[in-house]
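First comes the structure, then the notes that go with it.
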Amino acid sequence: MCPQCGKTHLHIGCITPRPPVTTTLPTSDRLPDAMTITGIDSSGQSTGGNAMRPRDVAEAADVDAELRSLDTGVTSPPISVIPAAEPEVEPGSRARVWRALTWRDVLAILSFVAVSLYITAPLWLNLDHELRDDPQDQAFFEWMMAHGARVLTDGAYPFFSDRMNYPDGVNMMANTSVLAVSLPMTPITLLFGPHVAFNLFLTLALAITGTSWYLVLSRVFVTSRLAGWVGALFCTFAPSMVSHAGGHPNIVSQFLVPLIIWRCLALRAPGKAVRNGVILAALLIWQAFINLEILFMTAVGLGIFCAVMAISRRRPQRGEIRHFVRGLAVAAVLTLAVLAYPLTVQFFGPQSYHGLPQFVRNFGADLGSFVAYSTRSVAGNSVTAERLAQNPAEENAFFGWGLVILFLGLLVWMRRNVAVVAMGSIALLFAAMSLGPRIFLNGINTGVPGIWAVLHSVPVLNSAVPTRWAMAIAPVVGIVLAIGCQRAIDMARTQPSARGPVRVAMITAVAMALVPLVPTPVRSAPMAPVPEFVSLGHWKQYVDENHTVVALPLPNSDYPDPMRWTAYTGQDMRIAGAYALLPNQNPLDPTDRTALFSPPWRPTSGLMASIKQGNPTPEITDTRREMTLADLRYWKAGVIVLQPQTRGVEMMRAMTDLLGFEPTWQGGVWTWNVRALVDNPHSVLTGTEIS
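Just remember that the numbering used here sits 46 ahead of the position in the sequence shown, which is counted from 1.
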C-alpha cells in the first residue's frame with residue numbers, strides 16, 4: 047500500500063500531484079517497465095524537483111531503495127539501473143510498452159541504419175564480391191539461406207540436410223542454421239538469390255540490433271535519449287561486433303539480447319507470471335534458432351546478475367524473488383518444451399558431435415588485446431591485431447586504453463550502486479574466461495593457466511569458443527556507458543554551476559574512448575562466379591536424387607565455392623564434401639566424436655586437397671585407383687567437376703590418370719562423367735582392366 051497515493055503497486059517513486067509549473071510525466075504516459083530517474087521526465091526534461099518520497103519512507107517500500115543512492119558529491123536526483131517491476135494498471139488505462147517515436151528517435155534509428163550500410167557498403171557496391179577475411183562462412187550462410195527457403199517451398203526437414211556432405215549429411219541444429227532468419231527471408235532468397243539475401247541479412251542484423259538496444263536502453267534503463275543512443279551505439283558497433291560482421295551474421299544478430307534482458311528483469315512483476323513467462327520464452331526460443339552461443343552467454347550473465355540482485359534485495363523486497371521464480375518457471379517450461387526435440391537432434395541426432403576441436407577450445411583472447419585497437423577500427427593496426435587474435439573475425443577483446451579507463455572510472459564513480467558493481471564483476475569474469483586455458487600476453491604464452499583450463503572440458507562449455515566470452519563484455523560496457531551518461535546529464539541539469547564542466551568532461555571522456563573505435567567497412571574481394579555448368583542447368587543431365595556432384599577439390603574451408611553452387615540451384619543439386627561442423631570418425635578411436643570443420647578424410651579428397659595446397663602429385667597406382675572408385679561410389683558421384691583455379695592443371699592430370707579418360711569442357715568447367723562407372727558394380731579402375 048503506497049503511503050502517498052493509497053494504491054497497491056510496486057514503484058520506484060510514486061509520482062504525486064504537483065503544481066502546474068512542473069512537467070512530471072502523467073502515469074498514463076509512463077512506461078510500465080521504465081528505468082525511473084526521478085526528477086527527469088521521459089523527454090529528458092527536469093521536473094524541477096525530486097519526485098521520490100523522503101529517504102526514510104522510500105527505504106521501506108521503494109523497489110530500488112538499495113540501489114538508487116549514488117555518492118555524487120553534489121545534490122542530484124537518485125538513479126537506479128534496475129527497471130521497476132510493472133505497476134498495476136488502473137481500470138480504463140492502457141500501459142504502453144514503448145513511448146511514441148519522436149523525431150529524435152527516428153534520427154537515432156536512421157543513424158544505426160546508416161552506419162550498418164556504411165560497414166557493409168563494399169558488398170552492396172560490388173555484388174560480385176565476397177567477404178575477403180571470411181569467404182567460407184559467407185558461402186556457408188548463403189547455403190543456409192537456401193536451406194531455409196527450401197524448408198518452406200519444398201517442405202524439407204529443417205534440422206538435417208543431405209544437400210551437402212552426401213551421403214552422411216549435415217546436422218542443421220549443430221551448425222547454426224539461422225532458421226529464425228532464413229525462413230522469414232525466403233521471399234528475398236527466392237527473388238534475388240542467396241548472395242543478396244546474405245548481404246541483407248548482415249546489414250539488417252546490425253541495424254535492427256542497434257535499434258533494439260536504443261529502444262530498450264532509452265525506455266527501460268535510462269530516460270535520456272542521448273545516453274541510450276551512446277550506449278546502443280557501442281553495443282552494436284563495438285570492435286567485436288564489427289569483427290564478426292566480417293563473416294558471422296548470426297553472431298551480430300543480437301537484436302533479441304536487450305529484449306531478453308528487459309523481459310527477464312520484468313519477471314519481478316506481481317500477478318503476471320504467466321504473461322511475462324510466455325513473452326520471455328518466445329524470445330528465448332527465437333534466439334535459439336539464431337545463435338545458441340549468444341543465448342548461452344546472455345543466460346550466464348543474466349543468471350549471475352539476478353542472483354546478486356536477489357541477495358542484495360532479499361529483505362526490503364521479499365516478494366520479488368517469489369514473483370521472479372514463478373515467471374522464470376513458466377518461461378523455462380515453455381522453452382524446454384519447444385526446444386526439447388531440436389536440442390535432442392543437435393546433441394544426439396545424426397551427425398551430432400561432442401565438443402569443438404581441441405585447437406579451437408584453446409582459442410583465447412590475448413591479455414594485451416583488451417587495451418589494443420582492432421583491425422576494423424580507425425585507430426587499429428592490422429599487424430598488431432593479427433599478433434593478438436586468431437583471425438580477423440575473432441577480434442573479440444579490442445577495447446582500447448581509452449574505453450578501459452572510462453569503464454573502470456564509471457565503475458568507481460557509481461561504486462555505491464550494487465547493480466553497476468555486479469555488471470562490472472560480470473565483465474571481469476567474462477574477461478577471465480575469454481583468456482582460454484593458457485594466458486597469453488602480447489603473443490607470448492605466459493604459462494599461467496586461466497580459469498578456462500578447468501571449464502573447457504565441461505559438457506556444453508566444450509562447444510564454446512573461449513575468446514568469444516570477451517565479446518559478451520560489450521553489452522555490459524554499453525549499459526554502464528548509458529547509465530554513466532545519464533548520471534552526468536542529470537548532474538548538469540540539477541547543478542547549473544557545474545553544467546559546463548560536467549558537459550565538457552562527459553563529452554571529452556566519451557570521445558576519447560569511442561572515437562578511436564569508429565568502425566571501418568568490411569573488406570571484400572571478387573568472388574569466383576557460379577559457372578554456367580550450374581547456372582544454366584547442365585548439371586541436371588548427370589545428377590538426380592541418386593547422384594551427386596563431386597567438385598575438385600571437395601568443398602572445405604579453403605574452397606567453399608561448390609556450396610554456393612548448390613545454394614544457387616535452391617539446393618536441388620547435391621554435393622559431396624562440405625564446410626560444416628561434423629563429427630570425427632576416427633577408426634582408431636570410435637568414441638571420439640569431437641567436431642571437424644570438414645568431412646572425415648577420404649583418399650580422393652585428401653589427395654586433391656594436398657595437390658591444391660601445393661604438394662607434388664604422388665604416383666598414381668592401381669591401389670589409388672581402387673580407392674578413388676570406392677570413394678566415388680560412396681559419394682554416389684554422377685559427375686566430377688573442376689573449375690579453373692590455382693593448381694587446377696595438376697588436379698586435372700591426377701584425376702585423368704586415376705579415371706583413365708580425359709575430361710570434357712562444358713559450361714566453364716572440366717567434367718568427368720562417372721555415372722555409368724559408379725552404377726556398374728563390375729567396373730574397375732586397375733591396370734589394363736580400366737573400363
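Ideal Cβ positions, reconstructed from N, Cα and C, are used throughout, including at glycine.
Note that this is a predicted model, so its numbers are computed, not measured.
Can you tell which of the options has its C-alpha closest to the C-alpha of residue i?
i      : options                           : result
Cys531 : Val589, Cys352 and Ala557         : Ala557
Phe445 : Arg359, Gly455 and Gly426         : Gly426
Pro629 : Phe393, Ala202 and Ile297         : Phe393
Asn726 : Ala551, Ala676, Thr692 and Thr717 : Ala676
Met552 : Ile535, Val564 and Val568         : Ile535
Phe320 : Pro646, Phe370 and Pro396         : The displayed chain sequence assigns Val, not Phe, to residue 320. If we check each option's Cα against that of Val320, Phe370 comes out closest.
Arg314 : Leu413, Val376 and Ala528         : Val376
Pro204 : Ser223, Phe187, Arg620 and Tyr212 : Ser223
Asn408 : Ser503, Met231, Asp183 and Ala383 : Ser503
Ile485 : Phe476, Gly293, Pro662 and Gly496 : Gly496
Leu560 : Gln182, Phe453 and Ala613         : Phe453
Glu188 : Pro646, Gly293 and Leu457         : Gly293
Can you tell me whether residue i is helix, strand or coil according to DSSP?
i      : result
Ile490 : strand
Val506 : coil
Thr663 : coil
Val511 : coil
Ala375 : helix
Ala411 : coil
Gly277 : helix
Tyr260 : helix
Asp725 : helix
Met698 : helix
Gln397 : coil
Thr732 : coil
Ser428 : helix
Ser92  : Note that Ser92 scores 36 on pLDDT, short of 50, meaning its location in the model is unreliable; the coordinates nonetheless yield the value given after this. In this structure, Ser92 counts as strand in the three-state DSSP scheme.
Here's a check: name, in chain order, each residue in its chain whose Cβ is nearer than 6 Å to the Cβ of residue i, leaving out the five neighbours to either side.
i      : result
Thr121 : Because Thr121 carries a pLDDT of 40, less than 50, the predicted location of this residue cannot be relied on, and the following value inherits that uncertainty. Excluding residues within five positions, none has a Cβ falling inside 6 Å.
Ala154 : Tyr260 and Trp275
Phe416 : Ala443 and Phe445
Ala655 : Pro599
Pro608 : Ala597, Pro601 and Ile621
Ala284 : Ala520
Glu366 : Arg314
Ser644 : Asn602
Leu385 : Ala334
Met231 : Ala243
Tyr605 : Pro599
Less than 8 Å separating the beta-carbons of residue i and residue j?
i      : j      : result
Ser286 : Glu432 : no
Val624 : Met218 : The sequence shown places Ala at residue 624, rather than the Val named in the question. Cβ atoms of Ala624 and Met218: not closer than 8 Å.
Leu380 : Trp332 : no
Leu731 : Arg671 : yes
Ala278 : Tyr260 : yes
Arg178 : Ala571 : yes
Gln404 : Thr513 : no
Val685 : Tyr588 : yes
Ala251 : Ser299 : yes
Ala520 : Cys281 : yes
Ala202 : Ser228 : no
Asp412 : Leu389 : no
Pro304 : Val262 : yes
Per the DSSP calculation, residue i is bridged to which residue(s)?
i      : result
Arg484 : Pro495
His175 : Pro572
Ala597 : Val687
Phe206 : Asn217
Pro565 : Ser423
Val715 : Gln712
Asn437 : DSSP lists no partner for Asn437.
Asn602 : Tyr605
Pro629 : Ala641
Ile621 : Val595
For residue i, which residues of its own chain have a beta-carbon under 7 Å away from its beta-carbon, when the five flanking residues on both sides are left out?
i      : result
Asn245 : Thr166, Leu169 and Trp170
Arg754 : Summary: the structure shown does not reach residue 754, with the chain confined to residues 47 through 737, and so no result is reported for it.
Gly119 : Confidence is the limiting factor: at Gly119 the pLDDT is only 39, short of 50, which leaves the residue's position unreliable, though a coordinate-based value still follows. Excluding sequence neighbours, Gly119 sits near nothing in its chain.
Pro396 : Phe206, Gly215 and Asn217
Pro164 : The sequence given here places Tyr at residue 164; Pro does not occur at that position. Correct list, in chain order: Pro567.
Which same chain residues, not among the five before or five after residue i, have their C-beta less than 8 Å away from its C-beta?
i      : result
Ser471 : Ile350 and Val354
Asp17  : Lying before the first or after the last residue shown, residue 17 is absent from the chain, which here runs from 47 to 737.
Between residue i and chain C, is there a C-beta pair that is closer than 8 Å?
i      : result
Met537 : No chain C appears in the structure shown, which is made up of a single protein chain.
Taking 7 Å as the cut-off, is the beta-carbon of residue i closer than that to any non-hydrogen atom of the ligand ATP?
i      : result
Arg670 : Although the ligand ATP was asked about, the structure shown includes no ligands whatsoever.
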